[in-house]
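I have placed the structure first, in the form of structure tokens, so that the comments after it can refer back to it.
Protein chains: 4
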Amino acid sequence: MTIEGGQGAAAGRRLRLGMVGGGEGAFIGAVHRIAARLDDRYELVAGALSSEPERAKASAAALHIAPGRAYGSFTEMAEREAARPDGIDVVAVVTPNHMHAAPVRAFAERGIHVICDKPLTHRLEDALELAEVVRRSGIVFGLTHNYTGHPMVRQAREMVAAGAIGPVRVVQVEYPQDWLTTRLEESGQKQASWRTDPARSGAAGCVGDIGTHAFNLAEFVTGLRCERLAAELSTFVQGRALDDNAHMLLRFAGGARGMLWSSQVAPGNENALRLRVYGETGGLEWAQEQPNHLLHSPFGEPPRLIRRAGAGASPAAAHASRIPGGHPEGYLEAFAQLYRELADQIAARLDRRQPDPASLLVPGLEEGLRGMRFITAAVESSRRDAAWTALEG
Amino acid sequence: MTIEGGQGAAAGRRLRLGMVGGGEGAFIGAVHRIAARLDDRYELVAGALSSEPERAKASAAALHIAPGRAYGSFTEMAEREAARPDGIDVVAVVTPNHMHAAPVRAFAERGIHVICDKPLTHRLEDALELAEVVRRSGIVFGLTHNYTGHPMVRQAREMVAAGAIGPVRVVQVEYPQDWLTTRLEESGQKQASWRTDPARSGAAGCVGDIGTHAFNLAEFVTGLRCERLAAELSTFVQGRALDDNAHMLLRFAGGARGMLWSSQVAPGNENALRLRVYGETGGLEWAQEQPNHLLHSPFGEPPRLIRRAGAGASPAAAHASRIPGGHPEGYLEAFAQLYRELADQIAARLDRRQPDPASLLVPGLEEGLRGMRFITAAVESSRRDAAWTALEG
Amino acid sequence: MTIEGGQGAAAGRRLRLGMVGGGEGAFIGAVHRIAARLDDRYELVAGALSSEPERAKASAAALHIAPGRAYGSFTEMAEREAARPDGIDVVAVVTPNHMHAAPVRAFAERGIHVICDKPLTHRLEDALELAEVVRRSGIVFGLTHNYTGHPMVRQAREMVAAGAIGPVRVVQVEYPQDWLTTRLEESGQKQASWRTDPARSGAAGCVGDIGTHAFNLAEFVTGLRCERLAAELSTFVQGRALDDNAHMLLRFAGGARGMLWSSQVAPGNENALRLRVYGETGGLEWAQEQPNHLLHSPFGEPPRLIRRAGAGASPAAAHASRIPGGHPEGYLEAFAQLYRELADQIAARLDRRQPDPASLLVPGLEEGLRGMRFITAAVESSRRDAAWTALEG
Amino acid sequence: MTIEGGQGAAAGRRLRLGMVGGGEGAFIGAVHRIAARLDDRYELVAGALSSEPERAKASAAALHIAPGRAYGSFTEMAEREAARPDGIDVVAVVTPNHMHAAPVRAFAERGIHVICDKPLTHRLEDALELAEVVRRSGIVFGLTHNYTGHPMVRQAREMVAAGAIGPVRVVQVEYPQDWLTTRLEESGQKQASWRTDPARSGAAGCVGDIGTHAFNLAEFVTGLRCERLAAELSTFVQGRALDDNAHMLLRFAGGARGMLWSSQVAPGNENALRLRVYGETGGLEWAQEQPNHLLHSPFGEPPRLIRRAGAGASPAAAHASRIPGGHPEGYLEAFAQLYRELADQIAARLDRRQPDPASLLVPGLEEGLRGMRFITAAVESSRRDAAWTALEG
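Chains as they are written, first to last, in full-length UniProt numbering: chain A, 1 to 393; chain B, 1 to 393; chain C, 1 to 393; chain D, 1 to 393.
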């Protein structure tokens, strides 16, 4: 093995974790579990993994959850775990969008911390109401906009904030995929089915599923608020109920201008989230499929390839990094980063101390609401023929 | 030397070429001259190279133009060359935008063929009038949208037309540069000065200079007409008179949707024209800075890297190619391609025969007018807060 | 979240794991632990983590190992764990090279399965002796040539075996790094110290550390045996005791020819392991720093970019994959793959059933011996001025 | 058009050029002619283009050579051109390798300057003799190792010489192609036929054809002399008379070590010449297929992408550059660079002045002899089972 240094997984208190959703075949649940395990800060001890009792039970057994803590519903789970002395510290909610609100509320109201898959809910009004509940509860609440966990995304944010590229002028963000190029939902493919179904996904398809990631990434890195957008949502696949492509113009506070493109019908693109930010004195480029790299182009100098844990990598990047440069980290490690930082936050809460400030970047309620406003504004703008529409709040 | 085959420069009649503009220090003139020389189809024999007589004379001498054919004005040149039995067959007009119309008219009216730098003129009304004159004259008229001369652009067009990616849904075109990131025009840099001056460039800066190339490329490759656009033009550099960044939504006939971004304030980008086209069954990607490659992604298959003159290269690519695969061709070769094809057209005219159909793709009046309508619509839309604006005609 | 399908971590029996070495600050131990955790097939329950008692104890505590199972020496650990009814099923040996043999022997002789970091030992004669012991013991023995765990490496191997590129002619493998460009070992940096120390690393530096990975990868993917090599080992950094750069010619059984370059003094290279294999009908390229891609170039056709879990990905790649295409997996996931497959093998042994054949590709004794022969032959050849030297056995 | 500055083609005296070889279908002749034309420093006025009289005549006509100067043999051409007051200033010799020596001698002895395609001859003894003749003649002699004409190759050389990467330690050069993967010579393909024929190519196939380019590039950029090599030449295609793959270890004066790989049987590689040089304080990488880029990796800093005519481009790069950054130049422009510099040298000679020192880098006799010694040593070493063999002289 060839590793010249670097930090191992942070040691620290191991939290008791429960999960709602994520039974067998529900992919995102598996991702959350790997993310939770990776840095050894969680132990999965309880679950309401499926609304089908048999599946729930089988899934729990496969995951080494004790039979007594394999619940038939999140309500039951919330009640009984809250009552146990060794009840869960935190719950991960990994159900489809329309089923986020109820479990989040149930656990939050019992003081159990929550990690919720994005987007926050499937409707803005639900989100606003839920946010109120969560705020009042005082819990730690994390929303897994996982791309913010990448070391080089952290570094990009830090560099922009430090003025490395000067005041931002132009923001180009895009997130093309191709998996919905044909009418996959007709085949019964589970992911395709619910993501193209307004009842389960909300008013937006591609915009809600991946456009929100792109939007979140742009705001996260630039530190700017998008104030208005002009959106054209399209549905290219005949018979599909929601948009599968979105084109938008963006206006940011302070005068920066941008574009956002998200698509699920762009053949050749697997998961090609990419952000480019241009300021008065330089540019930055980051692409999800090559996440260990960040291209920094100071105006008037040759572009520099900054690599995770390599020369020029910043403290923020190091904080989010596990292994030496040249040993690629990927999607799961970035996801795990959010879990690790939430563990820091929750452990600090349990231990009645201040958390490490470096762990406070995990997206939460605020980002969840921004995402819902973005979706809502995009749908509204598109209905009004791409008229400029404000993101209130 | 290692060349395994390929075609040499096509032999053929050598034309007598004159040039208007392009004196010492005027860069684009030098490019046109190299392009004209590369395939040995032109001999530069006359010029009105500068409005300053001394510079005109010195430039002509440096270019081996006989003193008697170094003219003080394009008017004089048009008259005298038209009168010579060995007068020029064709003239290249390489002046700044606002000085295209007058010389084009002067030569066209005398039946001398014209190669004109883009855009056609600096105002749409002039362009329409000029187009009438040129049409009536019956001359061969070429407009140097040089990026259409690239072999892999030709192949992309051919593939789209042949249905290789199915009906087009999404068109993403962008053309970022960074050379106007600061207020370069204040330094007296000649290119920056006239390109940011409304009197010489017209109503658009970045949009007219490079946005038109992007627009032309998108229409050329897809074969689709853009019907409406919603544009936000920005001027980020304080004190600049014209736009230096443009964001647009595009609607094409037949339902395709697209985006266009052009910028001259995007640090790190030299000349990063790039086109991506997505259809129902596949995608295509081409980037000007790596012009020998075309990425073809048939949906459900691994992306394929098609290389100029390599496996999978089409007849259209071969037609526009000079040397074997792996030996990169570039900007000048693509520019020369237009010159070569115009030579074919003009020689055919002189010889009273039909030209090779493969040589008829050179942009001309029609593309020139499309470009002017694009510029006009973009400026108009931006004035109306990015309202959808039709590209009439 | 945007994941369109794919397989989650395989469920299965969770094994009790012990670790020798890998205390605080010893990086590779942390990598092994993450790898063990990632697919939830191991629980770390015992350790002899350091030869310094205090460090051993602190490390164990940080890793949630019960105090009674934090041992002061591997001998004690082997004895006591073998005696417990709930003793460890398997031990990971992650000490420096010269300390592999003794613990491996201790556990093997007690029937405890072993996962050993590479190379097998620091001297060939030890390796041969150890191999005998291990063979007689009948245990499952895995050697973490981790790069063989990458999905696209698996696919490359499968493709070569299936004749996708025809009989192999040329093998180009290289593994440059730059971290030893200066005399880092003088700074006290721990990794640099032992890796440049003959007493702890053996007769080879760069060759043993990373050259073996390159060699292993070449044999793994091609399925060919390297029979002879001609090596020039260099030490460029003054005062260094072992080689920091190696150049080799390789001859494979069946007539294929190759080159191997490994270096730790090549500035700009982080961990740039890269393999290219050319056969009679096609070529394959894989690079560790972009591990989700495999370039396949069938002769006479455009190169194809095969992506992990994308179109064209094979069953072997799917077997080694966790998440959908476009979501990059990296170094840790490949390392975890070996752990997962060893868990399959060990669980099958415990359950007295046949393991999944797909899990039998993990390098073991054979590859460990090949690696030692490679190191030995390289050192010998270099001493004899790059004379051809056989890899016996 | 979008060009922000840059230099046009240098004006200067136009030379009268003759050509030996290069008739219709002989590809390299066409390349030399384009190269000669590109910067307008030559006019092709005479030729002995083919040994077949009809082809010679037709070729001359197609190239606008006056009938009286279309010769049936180079001997006749040398005599008659030397006798004309307006005879050629310089001749380009573009015949197959075994036919370089005789015409070079014929023109040199008459004081006519010579541009010769590489390699110098097909046998070392001929080369040595020829070199004597050329030296005594006092003519300007250029050998078209065209890759040395690339701006970024020039910059790399300049940077190494200036110490930008410190003393060189490691040199990795490779030149893979795939066009001889099958027995193309059997098909009658002209290039394949003579390049695999010992009678016309000399004792080496791939080594002579492209290995020499790689070798020349390595010495040109590093400024180091390769003193010894150990080579394994292989012929993978059955029935082929010469090597089609070569693997070599290299030892340079001063202690640098290197590897050279050239192949014509590596599927997927078109013309993938690539050089990497590593010194004590940095690394440099250049690849022919992306020739406008040079990657500079100062140790301990992020790698920097230096682009032709962009930030960080050096005077040497500017000297060899025609158009602004981001507008790719390629193979023909680099080839033309040698022609331009030879025109500068010859014009200076004719004008009895000193040439621009920047024009003196064109390879000539010395490089030609180095190339022949390289070929000879490689063949000799391979015959002796890859024994170390000196490059004398």
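Cβ coordinates follow ideal geometry from the N, Cα and C atoms, glycine included.
Query, Result
"Measuring CA to CA, which of D/Tyr42, D/Gly18, D/Val20, D/Tyr278 is closest to aspartate 344 of chain D?", "D/Tyr42"
"Should leucine 332 of chain A be labelled buried (16 or more other beta-carbon atoms within 10 Å of its own) or exposed?", "buried"
"Write down the C-beta distance between alanine 78 of chain C and alanine 106 of chain C rounded to the nearest angstrom, noting that I regard them as a contact closer than 8 angstroms.", "4 angstroms"
"Please confirm if histidine 293 of chain C has its CB atom under 9 angstroms from at least one CB of chain D.", "no"
"Quick one: residues in its chain with C-beta nearer than 6 angstroms to the C-beta of threonine 2 of chain D, no 5 flanking neighbours on either side, listed in chain order?", "Low local confidence applies: a pLDDT of 33 at threonine 2 of chain D is under 50, so the model's placement there is unreliable, with the coordinate-based value given in what follows. Answer for threonine 2 of chain D: no residue qualifies."
"Rounded to the nearest angstrom, what separates glutamate 174 of chain D and alanine 156 of chain D at their Cα positions?", "16 angstroms"
"Consider the Cβ of glutamine 189 of chain D: report whether some Cβ of chain C lies at a distance smaller than 9 angstroms.", "no"
"Contact criterion: CB-CB distance below 9 angstroms. Does glutamate 4 of chain D meet it with respect to chain A?", "Note on glutamate 4 of chain D: pLDDT 31, under 50, position unreliable in the model; the coordinate value appears next. Not an interface residue."
"Just to confirm before moving on: does the CB-CB distance between valine 91 of chain A and methionine 19 of chain A stay below 9 angstroms?", "yes"
"Are the C-beta atoms of alanine 311 of chain C and some chain B residue less than 9 angstroms apart?", "yes"
"Using C-beta distances below 7 angstroms, list every residue in its chain close to glycine 282 of chain B, excluding the 5 sequence neighbours before and after it, in chain order.", "Ala164, Ile165, Gly166, His296, Ser297, Pro298, Phe299"
"Please report the distance separating the alpha-carbon of arginine 353 of chain D from that of isoleucine 346 of chain D.", "10 angstroms"
"When burial is assigned at 16 or more other CB atoms within 10 Å of the CB, is alanine 320 of chain B buried or exposed?", "buried"
"Using the beta-carbon of each residue, which ones in chain D are nearer than 9 angstroms to glycine 300 of chain A?", "Ala311"
"Should glycine 268 of chain B be flagged as near chain A, meaning a C-beta pair shorter than 9 angstroms?", "yes"
"Which bits of chain A does glycine 245 of chain C rub up against, with CB to CB less than 9 angstroms?", "It is asparagine, not glycine, that sits at residue 245 of chain C in the sequence shown. Correct list: empty, because the minimum Cβ distance to chain A is about 15 angstroms."
"I'd like the list of long-range same chain contacts for isoleucine 88 of chain C, defined as Cβ closer than 7 angstroms, with 5 residues on each side in sequence excluded.", "Arg16, Leu17, Gly18, Val45, Ala46, Glu81, Ile112"
"For chain D, is any of its Cβ atoms less than 9 angstroms away from the one on histidine 296 of chain A?", "yes"
"Which of the three DSSP states, helix, strand or coil, is assigned to alanine 309 of chain C?", "coil"
"Comparing the C-beta of threonine 181 of chain C with each C-beta of chain D, is any distance below 9 angstroms?", "yes"
"Please state if the CB of leucine 242 of chain C and the CB of leucine 250 of chain C are separated by a distance shorter than 9 angstroms.", "no"
"Taking only the alpha-carbon atoms, compute the straight-line gap between alanine 387 of chain C and histidine 64 of chain D and give it to the nearest angstrom.", "58 angstroms"
"Grab the span of the beta strand (DSSP E) containing asparagine 97 of chain B for me, first residue to last.", "Asparagine 97 of chain B -> no beta strand (DSSP E), and no H or E assigned at all."
"What's the call for proline 357 of chain A, buried or exposed, on a 16-neighbour Cβ count within 10 Å?", "exposed"
"Along chain B, in chain order, which residues have C-beta atoms closer than 9 angstroms to that of arginine 304 of chain C?", "Glu301, Pro302, Pro303, Arg304, Leu305"
"When DSSP labels each residue in this structure, what does tyrosine 147 of chain A get in the three-state scheme?", "helix"
"For a minimum of 3 consecutive residues, which ranges assigned as the beta strand (DSSP E) are wholly contained in the region 33–87 of chain D?", "42–48"
"So, does the CB of leucine 63 of chain D fall closer than 9 angstroms to a CB anywhere in chain B?", "yes"
"Using 10 angstroms around the beta-carbon of threonine 75 of chain A, count the other beta-carbons present and answer buried if the total reaches 16, otherwise exposed.", "exposed"
"Quick one: which chain B residues come within Cβ less than 8 angstroms of aspartate 385 of chain A?", "Trp388"
"With distances taken Cα to Cα, identify the nearest neighbour of residue 394 of chain D among D/Thr376, D/Glu219, D/His213, D/Arg135.", "The requested residue 394 of chain D is not part of the displayed model; chain D covers only 1 to 393."
"Check distances from the C-beta atoms of the region 246–259 of chain C to those of chain D and list, in chain order, the residues that come in under 7 angstroms.", "His247, Leu249, Arg257, Met259"
"What's the gap between the Cα of serine 50 of chain D and the Cα of glutamate 109 of chain D?", "22 angstroms"
"Who are the near neighbours of glutamate 234 of chain B in its chain, counting only those whose CB is closer than 8 angstroms to its CB and skipping five residues on each side?", "A small fix is needed here, since residue 234 of chain B is serine in this sequence, not glutamate. Closer than 8 angstroms at Cβ, skipping near neighbours: Asp243, Asp244, Asn245, Ala246, His247."
"Would you say tryptophan 261 of chain C reaches chain D, if we count a Cβ-Cβ gap shorter than 9 angstroms as a contact?", "yes"
"Is glycine 310 of chain A near glycine 325 of chain A, with beta carbons less than 9 angstroms apart?", "yes"
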